[in-house]
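Novice: Note that the sequence shown ends on residue 80 in the working numbering; no numbers are left out. Below you will find the structure I want to go over with you.
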Amino acid sequence: MAIRGLNKNHNHDLKNLFKGAALRAAAVEKPFQEFYAALVAKGIKPEMARLTLARKIAAITLIVWKKGARFDAEQLKQQAA
């Protein structure tokens with residue numbers, strides 16, 4: 000049987016952390032809330048839009064951590080459009 004997504008050794012706690020952050024961000028945080036709303040407006044199911052948002056937050060976290068880059072909400076708005 001093939002494994003989809005993360006491998007068997009993925010970190011459940013970290014995965015749940017990003018999913019929780021996406022749930023919160025979609026409800027209250029302005030730049031991420033707009034990104035989520037744009038996905039839903041495109042016809043993406045809310046649960047899939049939250050998963051996409053969780054992945055986006057994880058990608059941003061990795062870039063900030065590895066490269067020391069600053070988060071720019073304007074880039075997030077451009078991608079949602």
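Glycine included, C-beta positions come from ideal geometry on N, C-alpha and C.
Take LEU22 as the anchor and find which of ALA36, HIS11 and ASP71 has the nearest alpha-carbon.
Specialist: Of the candidates ALA36, HIS11 and ASP71, the one whose C-alpha sits nearest the C-alpha of LEU22 is ALA36.
Novice: How close, in whole Å, do the beta carbons of ALA72 and ARG49 come, if the pair is a contact with beta carbons under 8 Å?
Specialist: At roughly 19 Å, the Cβ-Cβ gap does not stay under 8 Å, so ALA72 and ARG49 are not in contact.
Novice: What span of residues does the alpha helix (DSSP H) with ILE56 cover, start to end?
Specialist: Residues 45-66.
Novice: Please give the ranges of any alpha helix (DSSP H) in the stretch 1-45, keeping only runs that are unbroken, at least 4 residues long and fully inside the region.
Specialist: Complete alpha helix (DSSP H) runs here, min 4: 11-27 and 29-40.
Novice: Starting from the C-beta of LYS41, find all residues in its chain whose C-beta is less than 6 Å away, skip the five residues before and the five after it, and write them out in chain order.
Specialist: Hits under 6 Å: none found.
Novice: Given a cut-off of 8 Å on the beta-carbon distance, is the pair ILE101 and PHE70 in contact?
Specialist: Nothing about residue 101 can be reported from this structure: the residues present for the chain run from 0 to 80 only.
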